[in-house]
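Keeping their order, the protein sequence lines are chains A, B, C and D.
Residue numbers for the first sequence follow this note's numbering, so the first one is 1 and each next one is one higher.
Residue numbers for the second sequence follow this note's numbering, so the first one is 1 and each next one is one higher.
Residue numbers for the third sequence follow this note's numbering, so the first one is 1 and each next one is one higher.
Residue numbers for the fourth sequence follow this note's numbering, so the first one is 1 and each next one is one higher.
Virtual Cβ for every residue (Gly too), placed ideally from N, Cα, C.
Number of protein chains: 4
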Amino acid sequence: MSSSQPLRGVVPPVCTPLDAAGEVDTASLTRLVEHLVAGGVHGLFALGSSSEVAFLTDRQRAVALETVIEAVAGRVPVLAGVIDMTTPRMLVHAEAARKAGADALVATAPFYARTHPVEITRHFRILRERGDLPLYAYDLPVCVHSKLSVAMVRELAEDGTLTGLKDSSGDEGGLRRLIVELGGRDGRTAGPAPSFSILTGSELTVDAALLAGADGVVPGLGNVDPAGYVRLYEAMREGDLKRAVEEQERLVQLFGMVDAGPEGEMGRNSSAMGAFKHALRLLGVVTAGTTAGSQIQLDEAAIAHVERHLRGAGLLPVR
Amino acid sequence: MSSSQPLRGVVPPVCTPLDAAGEVDTASLTRLVEHLVAGGVHGLFALGSSSEVAFLTDRQRAVALETVIEAVAGRVPVLAGVIDMTTPRMLVHAEAARKAGADALVATAPFYARTHPVEITRHFRILRERGDLPLYAYDLPVCVHSKLSVAMVRELAEDGTLTGLKDSSGDEGGLRRLIVELGGRDGRTAGPAPSFSILTGSELTVDAALLAGADGVVPGLGNVDPAGYVRLYEAMREGDLKRAVEEQERLVQLFGMVDAGPEGEMGRNSSAMGAFKHALRLLGVVTAGTTAGSQIQLDEAAIAHVERHLRGAGLLPVR
Amino acid sequence: MSSSQPLRGVVPPVCTPLDAAGEVDTASLTRLVEHLVAGGVHGLFALGSSSEVAFLTDRQRAVALETVIEAVAGRVPVLAGVIDMTTPRMLVHAEAARKAGADALVATAPFYARTHPVEITRHFRILRERGDLPLYAYDLPVCVHSKLSVAMVRELAEDGTLTGLKDSSGDEGGLRRLIVELGGRDGRTAGPAPSFSILTGSELTVDAALLAGADGVVPGLGNVDPAGYVRLYEAMREGDLKRAVEEQERLVQLFGMVDAGPEGEMGRNSSAMGAFKHALRLLGVVTAGTTAGSQIQLDEAAIAHVERHLRGAGLLPVR
Amino acid sequence: MSSSQPLRGVVPPVCTPLDAAGEVDTASLTRLVEHLVAGGVHGLFALGSSSEVAFLTDRQRAVALETVIEAVAGRVPVLAGVIDMTTPRMLVHAEAARKAGADALVATAPFYARTHPVEITRHFRILRERGDLPLYAYDLPVCVHSKLSVAMVRELAEDGTLTGLKDSSGDEGGLRRLIVELGGRDGRTAGPAPSFSILTGSELTVDAALLAGADGVVPGLGNVDPAGYVRLYEAMREGDLKRAVEEQERLVQLFGMVDAGPEGEMGRNSSAMGAFKHALRLLGVVTAGTTAGSQIQLDEAAIAHVERHLRGAGLLPVR
């Protein structure tokens, strides 16, 4: 990840398989990394929201990150999330990530205590300075309850604080404004922030984001079907719109697996995480579909729902 | 608007020019309709949010709607908003719209009183039945504070209650799921809802929405630059992505006019509406840039900001 | 309502009984007014949220308001809500209320279009000036989606724009700050806003609000048990805390009727309005428990739930 | 804290004084504990939101908690917050608290990942079982973005999972329903949850909460004026309403210190925390008014604002 070469392509946020005791299943995690690299992905995002990082103790975070870095063995860059409530706590995670050999850090705005844009800007500057690794901002209002403004990201991109943005805000209009302000789809690489990497977390509209000028995608669903996202990315790069849209539509249908639990009877997180993990189990990649902490586990009907979506997308042999 | 032919293309939500007394300036409104039709638009949405419908009395609504319908003289279809708090009040507006000769109705979910999805579904069914015109659902959570679910819109599309959707929710992922569930970009016209028209209100990502399979766009900014949106629409239809993206990027820059007031010193609505109306004044289309009700008016600096954006987009001669 | 005498006491927001055709049942409404006045209330709030004003057409609003004013025949003052989206539309309602003989107007901030505090302040000033009646601000963020600040209400109280506040924000801390800033519980009547009337809409904590220095209460539940709220008010005035708290606790239990529908299967509004109206029917005050518009109606089980709460509170003979 | 004796009275959430290097200033913290105990408080809440716990590393948390427990030396019980994103992470903090000698744990619902009521219930049960200390639920939607329902708290109170509730939700109506459901103000001690302690975090309406039947208060402002809150509590216990309301009104005015920064130029948290800490510095209790992490510090004008409020409340000699 040289600083003049922005990260591009498919960068899945790696799930964390758990064993029966709720500990990180390192053998399964190693197999998952192989599954992703074999799918052709261009990088990995460890300890992102899809890793259930919020549910992992610091010790478990270390095990997960080290397992991913060891398994990937330098084949693609590894970004490490430092998710926590505030700057001082994120700096502790940053130090652990640096020691483990991560290539870059990914940080949200502070959360829990109500904050202010000036404090968020300062937060990223401190993380960049003391974290001592390239820094990606992670815009995720659904978890963090504040939105990074176009003006803030632009300022932090232009002064070199940020190396990139992972945009999971769902605000595609704002993302478009950012891209245009940074020079537009074609001009951006020649613009004031030549190495700024814009990755969308909106896994259902990747074709649209790439059309607009995003550099890549961080798809939670990419754990299940990395090759599908890679095909979508390649089709867009080659200008083959028809193939890209077809691939995206197949992935949209596959994504329906996240509505696994009976409506209103599961949390959005436990339903989606459970679906991804059980899909990986059904595909033979991981040993168990267990989710972390106090989350509701998928029941038989929900697992059947996941299986139907895998078959529908051609990922399991149709019986 | 035959029922087997869905509405496609650019359908601007027509602004309502006001005179010094705060009444509808019908001469300016007539000129605005000409400006739009001359720009090549495929339909008009009268009494939408951009008309400041929420600020117009029933008498003023009638004047505005009748002026638009008379000016357009059947050249393109006219959709009429029936924005109000609940079904019974919307039915009063529906009757007025029908008498005025509107081609279709556009209705949000009920608002003010907290509601329930079952009540929203029933609301649309009653409007369709008693409103006696084709009905578009208007998904606008920023004003209405509830979101129409994919499942609800699909059900109401498939049973014929709804003729179309104007999606201003900003939830592009949800919109994509709807399109896929209705048959996908290519299959949709052959699917169970052949005449269902999906129009996006996300004016900054129109190329992306059309790529995904939307039928058209309802752009507030289309008041100012209807021809630009028509060029964008045509470029996408012709598969000329490069031209489409360039046009979209120009429109994104033009849209920057809505940040007209000093940050924090204007409302989002007064700033955007004031920008559109002053832009129309600067373009010679309407007489005054006044916004309705108790809204803050643009000051000199804000008007200069609007003018800069018009010049930047090539809509005013560069001085 | 002389201007030097603030409104004090219990001022129920009058429900609107409907007949089978969904029209205002004026005979039932007249009986409801008698029920309230006989209960000892100190004023009536017509066309408030509990009247389902959002669901009534302008014609129905006129019928409801005129019926209330005629039935009350000057025995207590009648405040009239002018609920609508913006200033110009509220002015139309204000004129109707003035002609009907209302004693004061009650207005929320503008809603639907996003607004700004300066625009809200201006809104109330215009309503006061052109509405030509004493004006109460109605703070109801759950419907209006903005909160009136302490500073704004204080400014509008001190300059005479507002005659009073109906606070249904649930922000008891903010209300306390307002009371203290206006001179404190005891000093307020001698302070800069001698005639400013603070009415809480928080019907479950009336004893607490009166302790803090509020002047009265606008309880939706007061439709069902006006005499209970009057006893509570009198007990607090007489300093009989024990009796006040007991009465409040009985009313809290009675209020449980609003959880009438199966959880998640009714809207909060249809459940509460249905409960109040069916309670009035069971008490013999009104003919039907029907709610307006597309709202879900109470089923048998929900009505039984209401009846149990009436019996529990001693309002129906225990069988 | 025997299990048959609920915690009652004033239980301030202890601030964390910091030195110039941003580390816990243990000498100042020891003086703060003395200030609070000397003020007559009935317990201390260590590592609550007012401790800036979200900004402290695990090492700093340990220092702060151990310092408080050592300084208090058993004179009053010490509750320890275990604030973190999820159950597994809170269990790590719980173990640290138990080893440090805390008397009880205080836990919010999980946050960051979207959750579900069933998961929240399970979360508290796991914390109670494995945390091995009495457990208080901390209802703080402004930070946690979910609200504990009356039904959930009641269930967890009745089955012994929870020993108490710290309610900072601002939902006084909901709190009243809980009190009534648990037996009412007078009956509660004889009811099904005899030892359940209800503490309000609404520091501006303590008289009202005690009137309603709350057991005590956890006031952030109690760091600055513990004796004032103790007088308020004692006045309510003695039934001296007049004195209680006067004390509460004085404290409401004192609380005005939290609006320290220029409006819009500080976060709500940095403004309030900075005000409390600078007030403690001006009172000679702590050495510096510094707040943690990337928060904005009070400037001269803001400190003068704090000082004025201290003088106004009679806490500093009037110059």
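For the beta strand (DSSP E) holding Tyr136(A), just list the boundary residues, first then last. Numbered from its first residue, the first sequence carries residue 136(A) at position 136. Here the beta strand (DSSP E) through Tyr136(A) covers Leu135 to Asp139.
>> Just to confirm the assignment: which complete beta strand (DSSP E) runs, minimum length 3, are found wholly within the stretch 263-296 of chain D?
In response: none
Item checked: Residues within the stretch 109-125 of chain D neighbouring chain A, beta-carbon criterion of under 8 Å -> Pro110, Phe111, Tyr112, Ala113, Arg114, Thr115, His116, Val118, Glu119, Ile120, Arg122 and His123
*Count the C-beta pairs between the stretch 102-112 of chain B and the stretch 126-141 of chain B that are closer than 8 Å, then say yes if the count reaches three, no if not.*
yes
| task | Using three-state DSSP, classify Lys166(D) as helix, strand or coil. | result | Stepping through the fourth sequence from its first residue, residue 166(D) is reached at position 166. Reduced to three states, the DSSP call for Lys166(D) is strand.
Does the structure place the stretch 76-92 of chain C close enough to the stretch 48-61 of chain B that three or more beta carbon pairs sit under 8 Å? Taking one beta carbon from each stretch, the stretch 48-61 of chain B and the stretch 76-92 of chain C have 3 or more pairs nearer than 8 Å; the two touch.
Any beta carbon from chain D within less than 8 Å of Ile179(A)'s own beta carbon? Stepping through the first sequence from its first residue, residue 179(A) is reached at position 179. By this cut-off, Ile179(A) is not an interface position.
| query | Since Phe276(A) contacts Cys15(A) with CB under 8 Å, what's their CB separation in whole angstroms? | reply | Position 276 of the first sequence, counted from the first residue, corresponds to residue 276(A). Position 15 of the first sequence, counted from the first residue, corresponds to residue 15(A). With 8 Å as the limit, Phe276(A) and Cys15(A) qualify as a contact, their Cβ atoms being about 6 Å apart.
Task: Rounded C-alpha distance that separates Ala46(B) from Thr161(D) - done: Start at 1 with the first residue of the second sequence, and residue 46(B) comes out as number 46. Start at 1 with the first residue of the fourth sequence, and residue 161(D) comes out as number 161. Looking at the backbone, the Cα of Ala46(B) and that of Thr161(D) are separated by about 58 Å.
| Are there three or more Cβ pairs, one per stretch, closer than 8 Å when the stretch 305-316 of chain D is compared with the stretch 27-41 of chain D? | Flag = no, the stretch 305-316 of chain D and the stretch 27-41 of chain D do not touch.
Q. Expressed to the nearest angstrom, what Euclidean distance is found between the alpha-carbon atoms of Leu315(C) and Arg185(D)?
A. On the third sequence, position 315 is the one that residue 315(C) refers to. On the fourth sequence, position 185 is the one that residue 185(D) refers to. When rounded, the distance between both Cα atoms is 22 Å.
Pair within 8 Å by beta-carbon distance, Ile296(C) and Gly264(C): Translated into positions along the third sequence, residue 296(C) becomes position 296. Translated into positions along the third sequence, residue 264(C) becomes position 264. By the CB criterion at 8 Å, Ile296(C) and Gly264(C) fall outside the cutoff.
### Message
I want to verify the contact list: residues of chain D whose CB lies under 8 Å from the CB of Thr26(A), in sequence order.
### Response
Locating residue 26(A) in the first sequence gives position 26, where the first residue counts as 1. Result: empty, since nearest Cβ-Cβ is about 17 Å, beyond 8 Å.
In this structure, how does DSSP classify Thr200(C) when only helix, strand and coil are distinguished? Reading the third sequence from its first residue, position 200 is the one you call residue 200(C). Strand, per DSSP.
* Asked: Applying the criterion that 16 or more other CB atoms from any shown protein chain within 10 Å of the CB defines a buried residue, is Pro226(A) buried or exposed?
  -> Stepping through the first sequence from its first residue, residue 226(A) is reached at position 226. Buried is the call here.
| query | What residues from chain D crowd round Ala54(A), counting only those whose CB sits closer than 7 Å? | reply | Counting from 1 along the first sequence, the entry for residue 54(A) is found at position 54. Here the neighbours are Met85, Thr86, Tyr112 and Ala113.
Chain D contact for Arg154(C) (CB, 8 Å cutoff) | What you label residue 154(C) is simply residue 154 of the third sequence in a count that begins at 1. With its beta carbon at least 8 Å from every one in chain D, Arg154(C) lies outside the interface.
With distances taken between CB atoms, is the gap from Val10(B) to Pro219(B) smaller than 8 Å?
To locate residue 10(B), count along the second sequence from 1; it is residue 10. To locate residue 219(B), count along the second sequence from 1; it is residue 219. Cβ atoms of Val10(B) and Pro219(B): closer than 8 Å.
Next on the checklist: Using CA atoms only, rank isn't needed, just tell me which of Glu70(A), Val206(A) and Val217(A) is closest to Glu246(A).
Outcome noted: Counted from its first residue, the first sequence places residue 246(A) at position 246. Considering only alpha carbons, the answer is Val206(A).
Rounded to whole angstroms, how far is the Cβ of Ile126(B) from the Cβ of Thr108(B), which I believe are closer than 8 Å? Translated into the one-based positions of the second sequence, residue 126(B) becomes position 126. Translated into the one-based positions of the second sequence, residue 108(B) becomes position 108. Not quite, the Cβ-Cβ distance comes to about 14 Å (not below 8 Å), so this is no contact.
Just list the alpha helix (DSSP H) runs in the stretch 211-267 of chain D, keeping only unbroken ones of 4 residues or longer that don't cross its boundaries, in chain order. 226-237 and 241-255
**Item:** Ala73(C) versus Asp167(D) - alpha carbon distance
**Value:** For this step, residue 73(C) is matched to residue 73 along the third sequence. For this step, residue 167(D) is matched to residue 167 along the fourth sequence. Distance between the alpha carbons of Ala73(C) and Asp167(D): 45 Å.
State the DSSP-derived secondary structure class of Phe111(B), mapped to helix, strand or coil.
Within the second sequence, numbered from 1, the residue matching residue 111(B) stands at position 111. Coil.
Just to confirm, is the Cβ distance from Leu204(B) to Arg188(A) under 8 Å?
Taking the second sequence and counting its residues from 1, the one referred to as residue 204(B) is at position 204. Taking the first sequence and counting its residues from 1, the one referred to as residue 188(A) is at position 188. No, they are not a contact pair.
When the Cβ atoms of the stretch 15-30 of chain C are set against those of the stretch 276-294 of chain B, are three or more pairs found closer than 8 Å? With a cut-off of 8 Å on Cβ pairs, the stretch 15-30 of chain C is not in contact with the stretch 276-294 of chain B, counting fewer than three such pairs.
Query raised in the report: Run through DSSP, which three-state label would Gly314(A) get?
Result: Along the first sequence, one-based indexing puts residue 314(A) at 314. Gly314(A) falls in the coil class under three-state DSSP.
field: is_contact[Val218(C), chain B] using C-beta, thresh 8 Å
entry: Here residue 218(C) refers to the residue found at position 218 when the third sequence is read from its first residue. Chain B contact via Cβ: absent.
### Message
Can you tell me whether Val106(C) is helix, strand or coil according to DSSP?
### Response
Looking up residue 106(C) in the third sequence gives position 106. Strand.
### Task
Express the C-alpha separation of Ser271(D) and Glu52(A) in angstroms, rounding to a whole number.
Here residue 52(A) is taken as the residue at index 52 of the first sequence, counted from 1. Here residue 271(D) is taken as the residue at index 271 of the fourth sequence, counted from 1. Answer to the nearest angstrom: the Cα atoms are 33 Å apart.
State the DSSP-derived secondary structure class of Ala151(B), mapped to helix, strand or coil.
For this step, residue 151(B) is matched to residue 151 along the second sequence. Helix, per DSSP.
**Prompt:** In three-state DSSP terms, what is Leu44(B)?
**Reply:** Taking the second sequence and counting its residues from 1, the one referred to as residue 44(B) is at position 44. Note: Leu44(B) maps to strand in three-state DSSP.
*Are the CB atoms of Val180(D) and Glu249(C) nearer to each other than 8 Å?*
Translated into positions along the fourth sequence, residue 180(D) becomes position 180. Translated into positions along the third sequence, residue 249(C) becomes position 249. Going by C-beta atoms, Val180(D) is nearer than 8 Å to Glu249(C).
**Contact with chain D by Val252(A), beta-carbon distance below 8 Å** = On the first sequence, position 252 is the one that residue 252(A) refers to. It does not: the Cβ of Val252(A) has no partner Cβ on chain D nearer than 8 Å.
Worksheet item: Just how far apart, CA to CA, sit Val252(C) and His116(D)?
Response: In the third sequence, the residue the question calls residue 252(C) occupies position 252. In the fourth sequence, the residue the question calls residue 116(D) occupies position 116. Near 27 Å, if we compare the C-alpha coordinates of His116(D) and Val252(C).
Legend entry - Where Ala80(A) sits in the DSSP three-state scheme: In the first sequence, residue 80(A) corresponds to position 80, counting from 1. The answer is strand: DSSP assigns Ala80(A) an E or B state.
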